[in-house]
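Structure first, then comments.
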Amino acid sequence: AIAGGKQLLGKINSARKNFPMKIFLLLLGFYTANALATILGQTGDWDVLVAGIVVAAIEGIGMLMYKKPSSSMFSGKLQSFVVFMNFWKAGV
Numbered sequence: 001a002i003a004g005g006k007q008l009l010g011k012i013n014s015a016r017k018n019f020p021m022k023i024f025l026l027l028l029g030f031y032t033a034n035a036l037a038t039i040l041g042q043t044g045d046w047d048v049l050v051a052g053i054v055v056a057a058i059e060g061i062g063m064l065m066y067k068k069p070s071s072s073m074f075s076g077k078l079q080s081f082v083v084f085m086n087f088w089k090a091g092v
């Protein structure tokens with residue numbers, strides 16, 4: 001019971017790490033989605049192109065997020081950046 005409590009406490013503490021930045025990026029993703037839909041969707045000419053770019057960006061971030069980190073290029077700062085972009089992607 002004590003080990004389970006320590007595991008739960010560890011998971012809660014790891015979720016709290018950079019919590020304000022995670023919330024900010026999630027809200028920034030919602031803002032980005034609304035801005036793209038409102039501004040570029042007014043004319044109707046850019047809809048297909050912007051949708052393709054957004055899908056490519058989301059798939060690229062997902063590929064970087066979930067691939068096996070086999071290379072040394074995937075260092076700590078790059079890994080942290082990809083995790084933050086994943087929170088932005090969740091907002092979009």
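When we follow the UniProt record's numbering, the leftmost residue of the sequence shown carries the number 1, and every step to the right adds one. Glycine is no exception: its CB is placed at the ideal position from the N, C-alpha and C atoms.
#### Entry: Proximity to Trp88 [Cα-Cα], best of Met21, Gly10, Ser14
Selected option, being the one with the closest Cα: Met21.
### Query
Rounded to a whole number of angstroms, what is the C-alpha to C-alpha distance between Ala90 and Ser75?
Ala90 and Ser75 have their alpha carbons spaced roughly 23 Å apart.
### Task
Can you say whether Met85 is buried or exposed, counting buried as having 16 or more other CB atoms within 10 angstroms of its CB?
Buried, since its Cβ has 16 or more Cβ neighbours within 10 Å.
### Cβ distance (whole Å) where Val92 is taken to contact Ala33 below 8 Å
That pair is a contact at about 5 Å.
### Query
Roughly how far, in whole angstroms, is the beta-carbon of Val82 from the beta-carbon of Ile61, given that I think they are within contact range, below 8 Å?
In this structure Val82 touches Ile61 by the C-beta definition: roughly 7 Å separates them, less than 8 Å.
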